[in-house]
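Trainee:
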Amino acid sequence: SSSGVRGAKDIGGEVKIQSLEKAQLLKSRGYIVLPDPENPEVVEAFQNGVFHEFERHSRVGMVDLEGFLARAKELRQMGAKHVLLKTGAYRPADLARAIKFSSLAKIDVLTIDAAGGGTGMSPWRMMNEWGVPPVELESLAYQYAHRLAQKGQYVPSLVMAGGFVLEDQIFKGLALGAPYVKAIGMARGPLVAAMVGKTIGQKMQEGRLPSSVQKYGESLDEIFIASAELKSRYGRDYKRIPPGALGLYTYLQRVAQGLRQLMGGARKFALEFIDRSDIVALTREAAEISGIAYIMDADKDEVDEILDC
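Below, the structure is given as structure tokens:
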């Protein structure tokens, strides 16, 4: 079991609500709900179909070390075997707090979600324009985690998120944060894959499969190459797998295979062997930001040893 995950943006989580009763319940519990579900004019407009959704926003808060440590202890006393924290693309001082507080509280996993992003009702302009982009944020996270590790202090397993879609991005993310970044978090890419799969299934049922899809086949089995593997694994239960799941699984298999290819090229045959020497910076600015070697300086000592022997 683990602790719950909330929105990692600086204004907390956001949720769309289609029920007036639920909107009123959440407001009674202290959430900010827009528009006001207790306003008679708003209630009338909702019931007349003028609008169809409410927005639930979290109340913004602050965190201090004492409260953070107490909450982590409380979760463990309640039986949580693992405690996880998800944080966002906050300013450097707050990123440092997240990593240091997680170290002191012995948090198991710290997810750091870079800008831009957002799922659900996002992205707003706020989600795309606020925060620290992935390369800069991960470079800072590496610096802070490395400082703690050099002092012999506990460093939680880090997960980086924020715009990761394909295997080359995942490889770079793992390399840039190695050895502290253990995994990459994804949301938009898998969600899009699931929605594409669902849409293809619907269009197929309607007999309106787009020509851009028809070139891959006329059935789900033909279109989604991973279907043969799933049929073998699940047998008769394969028919219960919805098209959205086929799309998601096929997408992730494609990403996994591409990642294996990149790892094979780097001669790294397990994820834990990927390190910062597996990537180079193509500009001096990128090298300065990340601490990764500039391409013209990479392997310099080894090159000199080879040529001067």
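Per full-length UniProt numbering, the sequence shown runs over residues 1 to 309. Glycine is no exception: its CB is placed at the ideal position from the N, C-alpha and C atoms.
Of all the options L174, A149, V33 and G162, which has the alpha carbon lying nearest to the alpha carbon of A270?
Mentor: Here the question's residue 270 lines up with position 270 in the sequence shown. Of the candidates L174, A149, V33 and G162, the one whose C-alpha sits nearest the C-alpha of A270 is L174.
Trainee: For the candidate residues G30, F164, Y154 and A145, whose alpha-carbon lies nearest to that of R188?
Mentor: For the purposes of this step, residue 188 is identified with residue 188 of the sequence shown, where counting begins at 1. Per the Cα distances, F164.
Trainee: Helix, strand or coil: which one does DSSP assign to residue 314?
Mentor: Past the boundaries of the shown model lies residue 314; the chain is included only from 1 to 309, so the question cannot be answered.
Trainee: Whole angstroms is fine: what's the gap from R59's alpha carbon to L25's?
Mentor: Here residue 59 refers to the residue found at position 59 of the sequence shown. Here residue 25 refers to the residue found at position 25 of the sequence shown. Whole-angstrom Cα-Cα distance: 15 Å.
Trainee: Answer yes if the stretch 211-229 comes into contact with the stretch 256-275, meaning at least three C-beta pairs across the two stretches below 8 Å, and no otherwise.
Mentor: no
Trainee: In whole angstroms, give me the CA-to-CA distance for A293 and R208.
Mentor: Start at 1 with the first residue of the sequence shown, and residue 293 comes out as number 293. Start at 1 with the first residue of the sequence shown, and residue 208 comes out as number 208. One C-alpha to the other measures close to 52 Å.
Trainee: In chain order, what residues of the same chain lie with their CB nearer than 7 Å to the CB of S2, ignoring the 5 residues before and after it?
Mentor: Walking along the sequence shown from the start, residue 2 turns up at place 2. With a pLDDT of 33 at S2, under the threshold of 50, the predicted position of this residue should be treated as unreliable, and no value is reported.
Trainee: Quick one: any contact between the stretch 237-250 and the stretch 280-300, if contact means 3 or more CB pairs under 8 Å?
Mentor: no
Trainee: Here's a check: name, in chain order, each residue in its chain whose Cβ is nearer than 8 Å to the Cβ of S103, leaving out the five neighbours to either side.
Mentor: Walking along the sequence shown from the start, residue 103 turns up at place 103. Answer for S103: L148, Q153, Y154, V155 and P156, listed in chain order.
Trainee: Which residue from F273, K22, D304 and E305 puts its Cα closest to that of Y53?
Mentor: Stepping through the sequence shown from its first residue, residue 53 is reached at position 53. Residue identity check: residue 53 is Glu in the sequence provided, not Tyr. Of the candidates F273, K22, D304 and E305, the one whose C-alpha sits nearest the C-alpha of E53 is K22.
Trainee: Counting Cβ pairs, one atom from each stretch, are 3 or more of them under 8 Å apart for the stretch 292-306 and the stretch 187-206?
Mentor: no
Trainee: Taking only the alpha-carbon atoms, compute the straight-line gap between D94 and I241 and give it to the nearest angstrom.
Mentor: In the sequence shown, counting from the first residue as 1, residue 94 sits at position 94. In the sequence shown, counting from the first residue as 1, residue 241 sits at position 241. Those two C-alpha atoms are separated by around 43 Å.
Trainee: How many angstroms separate the CA atom of R267 from the CA atom of K203?
Mentor: Taking the sequence shown and counting its residues from 1, one reaches residue 267 at position 267. Taking the sequence shown and counting its residues from 1, one reaches residue 203 at position 203. Spanning the two alpha carbons is a distance of roughly 43 Å.
Trainee: Check the C-beta distance from D140 over to A114 and give it rounded, since I have them as a contact under 8 Å.
Mentor: Here residue 140 corresponds to residue number 140 of the sequence shown, with the count starting at 1. Here residue 114 corresponds to residue number 114 of the sequence shown, with the count starting at 1. For the record, residue 140 in the displayed sequence is Leu; it is not Asp. Actually they are not in contact, since the Cβ atoms of L140 and A114 sit about 10 Å apart, beyond 8 Å.
Trainee: I need the straight-line Cα distance from residue 330 to E218, nearest angstrom please.
Mentor: In this structure the chain extends from 1 to 309, so residue 330 is not present and cannot be described.
Trainee: With a cut-off of 8 Å on the beta carbons, I'd call M186 and A161 a contact; round off their distance for me.
Mentor: Position 186 of the sequence shown, counted from the start, is the residue given in the question as residue 186. Position 161 of the sequence shown, counted from the start, is the residue given in the question as residue 161. With 8 Å as the limit, M186 and A161 qualify as a contact, their Cβ atoms being about 7 Å apart.
Trainee: What residue range does the alpha helix (DSSP H) around T199 cover?
Mentor: By 1-based counting over the sequence shown, the position of residue 199 is 199. It spans R188 to E206 - the alpha helix (DSSP H) in which T199 sits, taken as one unbroken run.
Trainee: Roughly how many angstroms lie between the CA atoms of E66 and G88, to the nearest whole one?
Mentor: Taking the sequence shown and counting its residues from 1, the one referred to as residue 66 is at position 66. Taking the sequence shown and counting its residues from 1, the one referred to as residue 88 is at position 88. For E66 and G88, the distance between alpha carbons rounds to 21 Å.
Trainee: Along the chain, where does the alpha helix (DSSP H) containing G291 start, and where does it finish?
Mentor: Along the sequence shown, one-based indexing puts residue 291 at 291. According to the DSSP assignment, G291 belongs to no alpha helix (DSSP H), since it is labelled neither H nor E.
Trainee: Taking 8 Å as the cut-off, decide whether the C-beta atoms of R56 and V42 are in contact.
Mentor: Along the sequence shown, one-based indexing puts residue 56 at 56. Along the sequence shown, one-based indexing puts residue 42 at 42. The answer is no: Cβ separation not under 8 Å.
Trainee: Under the three-state reduction of DSSP, which class applies to H146: helix, strand or coil?
Mentor: Here residue 146 is taken as the residue at index 146 of the sequence shown, counted from 1. Looking at H146 - three-state DSSP - the assignment turns out to be helix.
Trainee: For V159, count neighbouring C-beta atoms within 10 Å of its own C-beta (all shown protein chains included) and say buried if the count is 16 or more, exposed if not.
Mentor: Reading the sequence shown from its first residue, position 159 is the one you call residue 159. Under this definition V159 is a buried residue.
Trainee: With DSSP run on the structure shown, which of helix, strand or coil describes T87?
Mentor: Here residue 87 refers to the residue found at position 87 of the sequence shown. Of the three classes helix, strand and coil, the one that applies to T87 here is strand, per DSSP.
Trainee: Name the DSSP bridge partner or partners of V15?
Mentor: The residue labelled residue 15 in the question sits at position 15 within the sequence shown. R56.
Trainee: Note down the Cα distance separating I107 from D36, rounded to an integer number of angstroms.
Mentor: As a working mapping, residue 107 is identified with position 107 in the sequence shown. As a working mapping, residue 36 is identified with position 36 in the sequence shown. Rounded to whole angstroms, I107 to D36 spans 37 Å at the Cα level.
Trainee: Are there 16 or more other CB atoms within 10 angstroms of the CB of L307, so buried, or fewer, so exposed?
Mentor: For the purposes of this step, residue 307 is taken as the residue at position 307 of the sequence shown. Exposed, by the Cβ-count rule.
Trainee: So for A161, helix, strand or coil by DSSP?
Mentor: Walking along the sequence shown from the start, residue 161 turns up at place 161. Strand, per DSSP.
Trainee: Which same chain residues, not among the five before or five after G244, have their C-beta less than 8 Å away from its C-beta?
Mentor: In the sequence shown, counting from the first residue as 1, residue 244 sits at position 244. Cβ contact annotation for G244 (same chain, cutoff 8 Å, sequence separation greater than five): A194, M195, G197, K198 and G201, in chain order.
Trainee: Mind checking which residues open and close the alpha helix (DSSP H) that includes V43?
Mentor: Along the sequence shown, read from residue 1 onward, the residue named residue 43 stands at position 43. P40 to Q47 is the extent of the alpha helix (DSSP H) around V43.
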